[in-house]
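A short write-up of the structure that comes next.
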Amino acid sequence: MKALVLTEYKHFELQDLPRPQPGPTDVLVKVQAVGICGSDVHGMDGSSGRRIPPIVMGHEASGIVVETGASVKNWHIGDRVTFDSTVYSLDDWYSRRGQYNLSDGREVLGVSTPDFRRQGAFAEFVVVPQHILYQIPDNVSYTQAALVEPVAVALHALSLTPIQVNDSAVVVGAGMIGLFVIQALKLAGCSSIIAVDLDDDRLALALKLGATVAINAGRQDVTAEVQALTHGRGADVSFEVVGIAPAVKTAIDCVRKGATVTLVGNLAKTVEMSLQAVVTRQLRLQGSCAINGEYEAALELISSGKINVEAILSAEVPLDEGASWFQRLYEKEKGLIKVVLKP
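Using the UniProt record's numbering, you'd call the opening residue of the sequence shown number 1 and step up by one each time.
Here it is as structure tokens:
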């Protein structure tokens, strides 16, 4: 099969690799669409430490079942499917508690670390265990289904966050995940959804997708602006979806006392923050890791049109053009948010 391989940092090759073979409880999926994630872009240069070459990246994908393992049940050749990015054991202690995203020994498709290497979906075929598969609704395209994973990431972050109707929320970062968080907050009944970013085009898109206010952090005092919009208190909740120190600081500074700050971004390995700002204002800081059962909800919201995934799609291109589009994303070409590859 053809596969886009990160052979060394910042270098891709389209290679012929052996077609993977499914185990007894696995299925072989012929990939129809796969998204380039921001974590892949940051992984290609080694900055995240989670894409050690050589590796076939890609964890946001959809396709057709073309082969099933001997013990596979309820899945058949020809099924249209997408799949979770997390590969986990069903008998793990955390999985049994309903927290499979925290399971010991969990792996992520298209990720390689010192602890594991799991080939991903920037290829014609990918093997996945049957228990992470989901059926694609008839009215959802393969491209739309390749964007279910980031929608589910956003929904998981909301599921952890105490939100009441009419609450105010700040979303720091109007990239792909941030834009899905904004749409989910609108569905959750937030009356004031404040998008924060450095890019005016992304802020304009945030307003189109449900944000009520857009703040450019490069030109405006975010904390002062948020306080002016929230009776001088600060927002009820905030979401940090960048993963760098300045964004974390903004997410903390712009909420009221007793608020919840949900950290979704995972770029920097460490960040500094003001302990006193957290303790004396009794803030709740929490991380949101991946997905934990939100795939069905994400598929339904896309199918019903309540979540718009096409709005963030920048291009659909062949797999053999993947290296050049990675470079364009890495260089932060204006107007690019999401690129989907077609093997």
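Glycine is no exception: its CB is placed at the ideal position from the N, C-alpha and C atoms.
List the endpoints of the continuous alpha helix (DSSP H) containing residue i.
i    : result
H156 : V148 to S159
R328 : G322 to Y330
V56  : No alpha helix (DSSP H) contains V56, which DSSP labels as neither H nor E.
S95  : W93 to R96
A298 : Y295 to S304
T223 : V222 to L229
L275 : L275 to V279
P246 : A245 to D253
A206 : D200 to K208
A145 : Y142 to A145
Report the partner residues of residue i according to the DSSP bridge assignment.
i    : result
Y134 : T82
Q15  : A3
D167 : Per DSSP, none; premise fails for D167.
T260 : V237 and R284
E107 : V87
E117 : Looking at the sequence itself, residue 117 is Arg, so the reference to Glu does not match. S112, per the DSSP bridge assignment.
V172 : V196 and E240
Please list the terminal residues of the continuous beta strand (DSSP E) segment that includes residue i.
i    : result
L28  : D26 to I36
L4   : K2 to E8
P129 : F125 to P129
A184 : That residue, A184, is in no beta strand (DSSP E); its alpha helix (DSSP H) goes M176 to A188.
A235 : A235 to E240
L285 : R284 to G287
V340 : K338 to K342
T68  : E60 to T68
V213 : V213 to N216
E316 : L313 to P318
A195 : S192 to D197
Counting only C-beta atoms, is residue i closer than 7 Å to chain D at any point?
i   : result
R19 : Here there is only one protein chain, and chain D is not present.
Our contact map puts residue i next to residue j with C-beta atoms below 8 Å; I'd like the distance itself, whole angstroms only.
i    : j    : result
V29  : V65  : 6 Å
K2   : E124 : 5 Å
T260 : V222 : Not really, about 18 Å apart at Cβ, beyond 8 Å.
A154 : V181 : 4 Å
L147 : V81  : That pair is no contact at about 15 Å.
E240 : G322 : E240 to G322, Cβ: 29 Å. No contact.
L205 : N216 : Actually they are not in contact, since the Cβ atoms of L205 and N216 sit about 13 Å apart, beyond 8 Å.
Does the Cβ of residue i have 16 or more other Cβ atoms within 10 Å, making it buried, or fewer, making it exposed?
i    : result
E8   : exposed
A70  : exposed
I312 : buried
A282 : In the sequence as displayed, the identity of residue 282 is Gln instead of Ala. Answer is exposed; the Cβ neighbour count stays below 16.
S48  : buried
K334 : exposed
P24  : exposed
S112 : buried
H156 : buried
L275 : exposed
E294 : buried
D115 : exposed
D167 : buried
Under 6 Å: does the beta carbon of residue i sit that close to some heavy atom of the ligand ATP?
i   : result
G43 : The ligand ATP is absent from the structure shown, which contains no ligands of any kind.
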